[in-house]
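Step one of this worksheet: look at the structure below.
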Amino acid sequence: MDGLDVLADETALLLASVESLDIEDLAHPSNLPDWTRGHVLAHIAGNAEGLGRRARSMSDAVPRSMYESLESRSGDIAWRSRRTVAQHAQALASTQADFAYDLAGIPADRAGDDMEIRLGLMVRIGDLPLLRLQEICVHHADLGVSTYDWSNWPPALVAWMLPRITASFAAREGFPVGWVEVEGARISVGPDPTTGVSGGATEVVAWLVGRAPGSGLAVTGVDAVPVPPAWL
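Read in order, the letters of the sequence shown correspond to residues 180 to 411 in my numbering.
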């Protein structure tokens, strides 16, 4: 499956960031509304558990939801946000190892099949490592630590995210510009072909998902880089 080596590297970087924190750092607000860094870390670990459940269902055909319910998901994040640094690190490492184990059980001939993750979110089975990589890298940046932000996202992840995100926005209404342009390639995201945003792939993706203001991007037909709608 694609992305396994990069996933291992980015997991190690996340664990290094976690181990550099202390208990006061965990209670510090993250870059996400109403979440501390502890909430973000609890969510990352819970995501590995949820993706692992879906991966197991692809192996044994036993139906499993990613989360029992949105209410239980939120409750688990709040409860587990109070872990210590060591507990967060252990949870991240163990859930990632379990996810890798569950992933390895999927038959190779199913890699090209599509699967539903939750709430209509579809992904190719062979792209599950990249979906997990997205979770780790985006939320690593959300921690707001000095050693990691969106500019550190690996090129393999950015290349995978860009067409998925732009296709998602193009399928909706109300995107504030008509296109984004990366390395000379123009991608439609809205109805107005006279307006657009262009720049480097990583910054464009970070802007699209609300992790960068787009200060390094160029605009056409509008006065300033707009704020995109919510990604998910």
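Beta carbons: idealized from backbone N, C-alpha and C, even for Gly.
Keep in mind it's a predicted model, so treat the numbers as computed, not measured.
Per DSSP, the unbroken beta strand (DSSP E) holding leucine 300 starts and ends at 300 to 303.
If you ignore the 5 residues before and after leucine 220, its C-beta comes within less than 6 Å of the C-beta of His267, all in its own chain and listed in chain order. Per the C-alpha coordinates, the member of Tyr280, Leu411 and Ala272 positioned closest to alanine 195 is Ala272.
The segment 391 to 405 and the segment 360 to 376 touch, with three or more beta-carbon pairs separated by less than 8 Å. For the 8 Å CB-CB criterion, threonine 190 and isoleucine 296 do not form a contact. Taking 4 residues as the minimum length, the alpha helix (DSSP H) runs contained wholly in the segment 328 to 386 are 334 to 349, in order along the chain.
Under DSSP, the beta-bridge partners assigned to valine 398 are Val376. Per DSSP, the unbroken alpha helix (DSSP H) holding arginine 216 starts and ends at 216 to 239.
Counting only residues of its own chain and dropping the five nearest sequence neighbours on each side, proline 308 has a CB closer than 6 Å to the CB of Met180, Gly182, Leu183 and Leu186.
The continuous stretches of alpha helix (DSSP H) do not include arginine 262, and DSSP gives it neither H nor E. By the beta-carbon neighbour count (other beta carbons within 10 angstroms, threshold 16), histidine 218 is buried.
Counting C-beta pairs closer than 8 Å gives three or more between the segment 234 to 253 and the segment 274 to 285, which meets the contact rule. DSSP, read as helix, strand or coil, puts arginine 297 in strand. Judged by beta-carbon spacing, glycine 225 lies beyond the 8 Å limit of arginine 243, meaning their Cβ atoms are not closer than that value. Rounded to the nearest angstrom, the Cβ distance from aspartate 321 to leucine 396 is 20 Å, too far for a contact under 8 Å.
Rounded to the nearest angstrom, the gap between the Cα atoms of aspartate 328 and histidine 319 is 7 Å. Taking the C-beta atoms as reference points, glycine 231 is found no nearer than 8 Å to aspartate 201.
Comparing alpha-carbon positions, the option among Pro355, Gly363, Thr345 and Ser209 lying closest to alanine 385 turns out to be Thr345.
Contact annotation: phenylalanine 354 and proline 392 have beta-carbon atoms that are not nearer than 8 Å.
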